[in-house]
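If you're matching them up, the sequences are chains A and B in order. Position one of the first sequence corresponds to residue 617 (our numbering), numbered consecutively onward. Position one of the second sequence corresponds to residue 8 (our numbering), numbered consecutively onward. For glycine and all other residues, C-beta sits at the position ideal for the given N, C-alpha and C. Structure first, commentary second.
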Amino acid sequence: MQNDTPSKYQEISEQLTAIKANDEGALKAFYQQNFPKIRQYVIANHGSEDEAKDIYQEAFLAMWRNIQLDKFRAEGKDSLTGYLYRIAKNKWLDYLRSAQFKITGAMPADLEDVAEEPTSKEDLQYIEAVKEKVKQLGDKCREVLRLFYYEKQSLKKIAEVFNWTEATAKNNKYRCIEQLRNLITRKAD
Amino acid sequence: LRLDNRYNLTQEELDKMDAYLHGRMSAAERNDFENEIAMNAELKRKYEELRLLMVGIGEASLQQKINSFHKEIGREENKAAKAKVISLKTWVWAASVAAACCIGVWMLFFNTASSDKLYDAYYKPDAGLPTVMSVSDNYSFDKAMVEYKSGNYAAAIKAWEEFETNKPGNDTLHYFLGSALLANNQKEKAIPYLENVAANDSSAFQKEASWYLGLAHLKKGDKEAAKKNIAASGRENKEQLLNKLK
């Protein structure tokens, strides 16, 4: 059994690298492979099909976010699947607890410390603000930022996409990030 | 980190941090940058902010993507269910053939196997091309390819038809436009595009186009045209289908 560990470790670390790089195939495969198990869990625990989907998507994004922010590392024997499953389970328990709280008015006792998202509240708020404000950018800015920060394309490629010079692509990236930052700051005022 | 980000971010700082985040620095540069961040609290704050910007921008994209991933799960399940039906059909068919052989009505049964059924059994949409978003010309083509691969055939058709108006005659475009139309049950419109590619000796898609062209004719009920084109394709199972069409 011990012989499995290095290859298992390697497998997780390859998966992690691919997800961190936003590799579409890896994200899609991982998303689709793990849904049935979590769906089963939620439905077995008083959830509906729609709730299973919502909780799973929330958990998936949280996992992705934590990978991006280096809050999950392939250490020990924790597999990515197990990690995603735990996040989803905790989210579902939180949801049930809050629903129960609304009904009974009594705060249920904490079962165990299940904090899976060490990202601070302020950081999460900032990320939410970014997600919201990105929608207000012009199409080109949104696309430049998406290609650069999500698809991890080079400036050269982005310049090709828009028929710009590389210098223009670089300037526009700066201009667009500044626009986005300004939109976020304005909200905070 | 608070929502208050009112400090000045210069383009130079941004480019440097981007290079670090994208892994486009040499080991020495990385080292320098990491030291700089450790020493300079303001720069560290800017770096932390940029990471959150990156995550927020990414999450907005990913959220849309996972919705299309999810839609596919439903479709895959349907496909699996359909495949089961087909295999059951095949089994019934095999059993019937055996029985029919004995009583000498095999041919009679065979003729009732409709073109539609054969089409359903043999038709599977082309999986599409990998999308890389590289050259500018390929950009909207690739976007449409993503739609195609997600099963949004109508959206892919719309984008590719525009492409065809602006730059007519490309065999890759014709092949996928034909494939998308066929997948969208528009066989009549698919046929001319597939014909172009099937007649194009220099196209890499020629043989595949012949296969789909044959199937499109089969769907139409034109067995002769179906046979001719299926025979010109490179599919391993073409003989099997041709035998059934005899």
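A:K636 sits away from A:I671, with the two beta carbons spaced by 7 Å or more.
Look at the segment 9–87 of chain B and you find these whole runs of alpha helix (DSSP H), each 4 residues long or longer: 18–28 and 34–46. At a cut-off of 7 Å between beta carbons, B:Q71 makes no contact with chain A. Secondary structure at A:A645: helix, using DSSP grouped into helix, strand and coil. Secondary structure note for B:W218: its alpha helix (DSSP H) is the uninterrupted segment Q213 to K227.
By the Cβ test, the segment 50–64 of chain B is not in contact with the segment 124–136 of chain B, since fewer than three Cβ pairs between them sit closer than 8 Å.
Of the candidates B:F183, B:N38 and B:I237, B:I237 places its Cα closest to the Cα of B:L220. Within 10 angstroms of the beta-carbon of B:K156 lie 16 or more other beta-carbons, which makes it buried. Here the alpha carbon of B:L28 sits roughly 39 Å from the alpha carbon of B:E171.
The distance from the Cβ of B:A151 to that of B:A161 is about 11 Å, inconsistent with a contact at the 8 Å cut-off.
For a Cβ distance threshold of 8 Å, residue set V746, Y765, I793, L796 and R797 of chain A lies close to B:L60, ordered along the chain. Nearest CB-CB separation between B:S68 and chain A: below the 7 Å threshold. Inter-residue distance for B:R31 and B:F40 is about 12 Å (C-alpha atoms, whole angstroms).
Bounds of the alpha helix (DSSP H) holding B:S122 are S122 to Y129.
B:I64 reaches chain A at V746, V750, L761, R762, Y765 and Y766, counting residues in chain order whose Cβ is nearer than 7 Å. A direct Cα-Cα distance of roughly 8 Å separates A:E667 from A:V658. For the pair of segments examined, the segment 195–203 of chain B was found to touch the segment 222–234 of chain B: the number of CB pairs separated by less than 8 Å reaches three.
For B:A166, the secondary structure class from DSSP, reduced to helix, strand or coil, is helix. The C-alpha of A:Y711 lies about 23 Å from the C-alpha of B:Q71.
Taking every protein chain shown into account, the CB of B:G65 has 16 or more other CB atoms within 10 angstroms, so this residue is buried. Between B:G63 and A:V746, the C-beta spacing is below 7 Å. Listed along chain A are K644, Y647 and Q648, each with a C-beta nearer than 7 Å to that of B:F76.
With respect to A:K749, A:L796 sits close: the two C-beta atoms are nearer than 7 Å.
Under the Cβ criterion of 7 Å, A:R681 is counted among the residues facing chain B.
In the displayed model, B:S186 falls within a helix according to three-state DSSP.
Around the Cβ of B:V204, a 10 Å sphere holds 16 or more other Cβ atoms; the residue is buried. Closer than 7 Å to the CB of B:I80 there is at least one CB belonging to chain A. With respect to B:L248, B:Y126 sits apart: the two C-beta atoms are not nearer than 7 Å.
In the structure shown, A:W680 adopts helical secondary structure according to DSSP, grouped into three states. Contacts with chain A at 7 Å (Cβ-Cβ) include B:L21. Sequence-distant Cβ neighbours of A:Y647 in its own chain, meaning closer than 7 Å and more than five residues away, are F676. With respect to chain B, the C-beta atom of A:D739 has a partner C-beta closer than 7 Å. Counting other Cβ atoms within 10 Å of its Cβ, B:S68 reaches 16 or more and is therefore classed as buried.
Residue-level contact check: B:Q213 does not touch chain A, since none of the beta carbons of chain A fall below 7 Å from its beta carbon.
Within the same chain, and ignoring the five residues on either side of A:R791 in sequence, the residues whose Cβ sits closer than 8 Å to its Cβ are C757.
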